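Protein sequence lines, in the order shown, are assigned to chains A and B.
Each residue of the first sequence is one higher than the one before, starting from 1 at the first, in this note's numbering.
Each residue of the second sequence is one higher than the one before, starting from 319 at the first, in this note's numbering.
What follows is a single structure, written as structure tokens, with notes after it.
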Amino acid sequence: MRVVAAVSFLPPDSFNVVVLIAVFTLIALGLHFTFGLLNMVNLAHGEFLLIGAYTAFQIQETTGNVVLGILLAPVAAAIVALVVERGVLRSLYDRPLDSLLATFGLAVIIRQVVQLIYSANPRRVQDVIGGSFEVAGFNVPWWRLVVVIATIALVALVSAILAKTAFGLHARATVRNPALAETMGINVALVRTVMFALGSAIAGLAGALLAPINTLDPQFGLLFLVNSFLVVILGGQGSLRGLVVAAALLGGSLSILQFFISTVHAQIIVLLIAILGVRVRPVFAERIAASRQRRSSAHGSGPGSGGTALTAEALRDG
Amino acid sequence: MTPVLGISGLHAGYGSSIVLRDVSLEVPPGSVACLMGRNGAGKTTLLRALMGALPRTGTVQLDGRDISDWNGHRINRAGMVWVPQEDAVFPGLTVREHLFIALGRRARDAGLAEAAELFPILGERMDQEAQTLSGGERKMLGIAQALIVRPKLVLMDEPTEGVAPIIVEQLQPAIRVLTESAAVLLVEQNIDTALALGSQAYVLEHGTIVEAGDIRRLYDDGVLERRLGL
């Protein structure tokens, strides 16, 4: 029950709900790029968290500066991502079974290399701030608050990159229709490489941020893999808003359930919620799409969204 | 004079199926070459192959530069743009974002203003998702995307096919501007449109060029009638 162990470090108080929602968001944010947008079944996602966590550990051991380690963690993860994407993965987009096999193999290799270098013994990344404070009767550990704030900042940053920048526009176009994007002047291969590296960098940063509140060993990445996929799949592949909602639903449910029942039972119920959610999501998606269509038709620019099409059809028929 | 587009000995197809065999043609500067042929002759396949979207062998030159091995994005940025036959838009992206993609690093404001001037309806719908436009409006968007980048060569695939007459009337002036400002390789089934716009014609049959020459002469001699079953 590695997944259970992943969250068992969190204290059973109210702030835990916020923390666990943030953790579920944080671990899935990198996978939003590699699996959610690029459609690569990336079973090595956890190992990019692992690379980030061990980078933080290594820099801490070498320089004594864990903050520097956390800052360099995404860089290390991005460099590994660039090498494997250019070397192996770039021809596997939209090939789910092949990418699953390749990333599974990659994950095993990374874990084994880490074990060869650092052994299987548990390591410790320092809690940079340490301690906690009380607010309105709630106990708030400092580092967990940092994780929550960093998660909010990262979600805002990712959202801004995708919505406001030229790269984000090219990324969205590439995801929706790579063949058309290429003929319209977008370097699809380069955009995919950067997206994969960016997603892996975010995973690396997530690993470094979570390392101080968890025991670090070569299995560290596996702790987060299942929950990352649950969040991205339940949120709707490619939807950042859906990802945050799914993380809130799953992380929130898990932490609240933990107040009343054991972590094992809570995780089983969360898995059931995820399965049920995936089952009913298409119904909600249809309703939301229908409601959007109605709103679009009702607005002033309506003719373009339906009226003109109808007019053109009528003229053709006439 | 160096042709804007020079194709020599081009073979292309889908996977192991070869569709185009030994195609050679030229589009001189300022001219409109019409690519004609019955359904399934390989016209659209040729345009796709030229944009690097299909595996191909042979030589393709743009303005004298060999672009045979180039990827689609590089071909586009070198000045060869494609206006596809189907309503090719990105779901979820607005009209404005489509024009931004087409413009690349060129000045955005001037490009948007030009598109809005060309098709005022697009100016009104800049923030509307392109997939919610009507078929005719999407054709306008495709032509606007090509026009605002000042291309050297436009590959245009039946721009008025399947569009209501009232929309065709709005498209024609823009197509005329496009043909006057760039060399064009135009796939066109409608003989009247082809004669009005084109100077040369190439007739494809089963992936091979079977007739080439002045379009008016080919029409007057009855060659087009015979080849196309008019």
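Glycine residues also receive a C-beta, built at the ideal position from the N, C-alpha and C atoms.
All values derive from a computational prediction rather than experimental measurement.
Start-end ranges of the beta strand (DSSP E) lying completely within the segment 475-519 of chain B, minimum 3 residues: 501-505
The segment 165-188 of chain A: positions lying closer than 8 Å to chain B by Cβ: 166, 169, 170, 172, 173, 176, 177, 179, 180, 181, 182, 183, 184, 185, 186, 187, 188
Residue span of the alpha helix (DSSP H) that contains residue 73 of chain A, given as start and end: Taking the first sequence and counting its residues from 1, the one referred to as residue 73 of chain A is at position 73. It spans 66-87 - the alpha helix (DSSP H) in which residue 73 of chain A sits, taken as one unbroken run.
Simplified DSSP assignment, three categories, for residue 13 of chain A: Counted from its first residue, the first sequence places residue 13 of chain A at position 13. Note: residue 13 of chain A maps to coil in three-state DSSP.
Chain-order list of residues whose beta-carbon lies under 6 Å from that of residue 197 of chain A (same chain, five-residue window excluded): Taking the first residue of the first sequence as position 1, residue 197 of chain A is located at position 197. For residue 197 of chain A, where only same-chain residues beyond five positions count, the Cβ hits under 6 Å are 78, 81, 82.
Those runs of the alpha helix (DSSP H) which lie wholly inside the segment 387-465 of chain B and span at least 4 residues: 390-395, 413-421, 426-436, 438-442, 453-465
Outcome for residue 282 of chain A when other beta-carbon atoms lying within 10 angstroms are tallied against a minimum of 16: Along the first sequence, read from residue 1 onward, the residue named residue 282 of chain A stands at position 282. Flag for residue 282 of chain A reads exposed.
Unbroken beta strand (DSSP E) run spanning residue 332 of chain B, endpoints: Stepping through the second sequence from its first residue, residue 332 of chain B is reached at position 14. Residues 323-332.
Buried or exposed by the 16-neighbour rule on C-beta atoms within 10 Å, applied to residue 180 of chain A: Position 180 of the first sequence, counted from the start, is the residue given in the question as residue 180 of chain A. The residue in question, residue 180 of chain A, is buried, as its Cβ has 16 or more Cβ neighbours within 10 Å.
Cutoff 9 Å: residue 391 of chain B Cβ touching any chain A Cβ: Counting from one through the second sequence, the residue named residue 391 of chain B turns up at place 73. It does; some Cβ of chain A falls within 9 Å.
Inter-stretch contact at 8 Å, needing at least 3 Cβ pairs: the segment 225-233 of chain A / the segment 28-41 of chain A: yes
Endpoints, alpha helix (DSSP H) assigned at residue 363 of chain B: Here residue 363 of chain B is taken as the residue at index 45 of the second sequence, counted from 1. Looking at the DSSP string, the run of the alpha helix (DSSP H) that includes residue 363 of chain B is 361-368.
Residue environment, residue 120 of chain A, which counts as buried when at least 16 other CB atoms sit within 10 Å: As a working mapping, residue 120 of chain A is identified with position 120 in the first sequence. The residue is exposed, with fewer than 16 neighbouring Cβ atoms inside 10 Å.
Close Cβ partners of residue 346 of chain B (< 6 Å) along its chain, the five nearest in sequence each way excluded: Stepping through the second sequence from its first residue, residue 346 of chain B is reached at position 28. Excluding sequence neighbours, residue 346 of chain B sits near 321.
Contact check, residue 501 of chain B vs residue 351 of chain B, beta carbons under 9 Å: Locating residue 501 of chain B in the second sequence gives position 183, where the first residue counts as 1. Locating residue 351 of chain B in the second sequence gives position 33, where the first residue counts as 1. Cβ distance < 9 Å, so residue 501 of chain B and residue 351 of chain B count as in contact.
Closest residue to residue 429 of chain B among B:532, B:410, B:523, B:465 (Cα-Cα distance): Against the second sequence, residue 429 of chain B aligns to sequence position 111. Taking only the C-alpha atoms, the option nearest residue 429 of chain B is B:465.
Neighbour-count burial assignment, residue 394 of chain B, 16 or more Cβ in a 10 Å radius: Locating residue 394 of chain B in the second sequence gives position 76, where the first residue counts as 1. Under this definition residue 394 of chain B is a buried residue.
Three-state secondary structure (DSSP) of residue 219 of chain A: Against the first sequence, residue 219 of chain A aligns to sequence position 219. Three-state result, residue 219 of chain A: coil.
Chain-ordered chain A contacts of residue 395 of chain B [CB-CB under 8 Å]: Counted from its first residue, the second sequence places residue 395 of chain B at position 77. Those are 185, listed as they occur along chain A.
Any non-hydrogen atom of the ligand GDP closer than 8 Å to residue 76 of chain A Cβ: Of ligands this structure carries none, so the ligand GDP is not represented either.
Cross-chain neighbours of residue 408 of chain B in chain A, by beta carbon under 8 Å: As a first step, residue 408 of chain B is located in the second sequence; it is residue number 90 there, counting from the start. Going along chain A in sequence order, the residues near residue 408 of chain B (Cβ under 8 Å) are 172, 173, 176, 177, 180, 181.
Residue 40 of chain A (DSSP reduced to helix, strand or coil): Locating residue 40 of chain A in the first sequence gives position 40, where the first residue counts as 1. Reduced to three states, the DSSP call for residue 40 of chain A is coil.
Test: residue 351 of chain B CB closer than 9 Å to a CB of chain A: Looking up residue 351 of chain B in the second sequence gives position 33. Answer no: the Cβ-Cβ gap between residue 351 of chain B and chain A never drops below 9 Å.
Integer-rounded CB distance, given that residue 171 of chain A should sit under 8 Å from residue 20 of chain A: To locate residue 20 of chain A, count along the first sequence from 1; it is residue 20. To locate residue 171 of chain A, count along the first sequence from 1; it is residue 171. About 29 Å; that fails the 8 Å criterion.
Inter-residue spacing [alpha-carbon to alpha-carbon] between residue 159 of chain A and residue 361 of chain B: Working through the first sequence from its first residue, we reach residue 159 of chain A at position 159. Working through the second sequence from its first residue, we reach residue 361 of chain B at position 43. Going from the Cα of residue 159 of chain A to the Cα of residue 361 of chain B covers about 42 Å.
At least three beta-carbon pairs within less than 8 Å, the segment 437-451 of chain B to the segment 406-426 of chain B: yes
Same chain only: Cβ atoms within 7 Å of residue 327 of chain B, ignoring 5 sequence neighbours per side: The sequence position of residue 327 of chain B within the second sequence is 9, counting from 1. Here the set comprises 340, 342, 376, 377.
Cβ shell of residue 253 of chain A (< 6 Å), same chain only, five flanking positions each side left out: Against the first sequence, residue 253 of chain A aligns to sequence position 253. Only 270, 273 meet the Cβ criterion.
Whether residue 17 of chain A touches residue 44 of chain A by CB criterion (9 Å): Position 17 of the first sequence holds residue 17 of chain A. Position 44 of the first sequence holds residue 44 of chain A. Going by C-beta atoms, residue 17 of chain A is not nearer than 9 Å to residue 44 of chain A.
Members of the segment 350-377 of chain B near chain A, C-beta cut-off 8 Å: 369, 370, 371
Nearest to residue 478 of chain B (by Cα), restricted to the options B:521, B:405, B:419: As a first step, residue 478 of chain B is located in the second sequence; it is residue number 160 there, counting from the start. Of the candidates B:521, B:405, B:419, the one whose C-alpha sits nearest the C-alpha of residue 478 of chain B is B:405.
Short-range partners of chain A found in the segment 408-440 of chain B, where Cβ spacing is below 8 Å: 408, 409, 410, 411, 415, 418, 419, 420, 422, 439
Under 7 Å from the C-beta of residue 400 of chain B: neighbouring residues of chain A: Numbered from 1 along the second sequence, position 82 holds the residue referred to as residue 400 of chain B. Neighbours of residue 400 of chain B on chain A, chain order: 183.
Helix, strand or coil at residue 308 of chain A [DSSP, three-state]: Position 308 of the first sequence holds residue 308 of chain A. A caution first: residue 308 of chain A carries a pLDDT of 31, below 50, which makes its placement in the model unreliable, though a value can still be read off. Correct three-state label for residue 308 of chain A: helix.
Cβ-Cβ separation, residue 114 of chain A to residue 218 of chain A (assumed contact under 8 Å), whole Å: Walking along the first sequence from the start, residue 218 of chain A turns up at place 218. Walking along the first sequence from the start, residue 114 of chain A turns up at place 114. Yes, residue 218 of chain A and residue 114 of chain A are in contact; Cβ-Cβ is about 5 Å, under 8 Å.
Rounded C-alpha distance that separates residue 306 of chain A from residue 450 of chain B: As a working mapping, residue 306 of chain A is identified with position 306 in the first sequence. As a working mapping, residue 450 of chain B is identified with position 132 in the second sequence. Confidence in residue 306 of chain A is poor, its pLDDT being 34 and thus under 50, which makes the residue's placement unreliable; the coordinate value appears in the next sentence. Cα to Cα, the separation comes out at about 7 Å.
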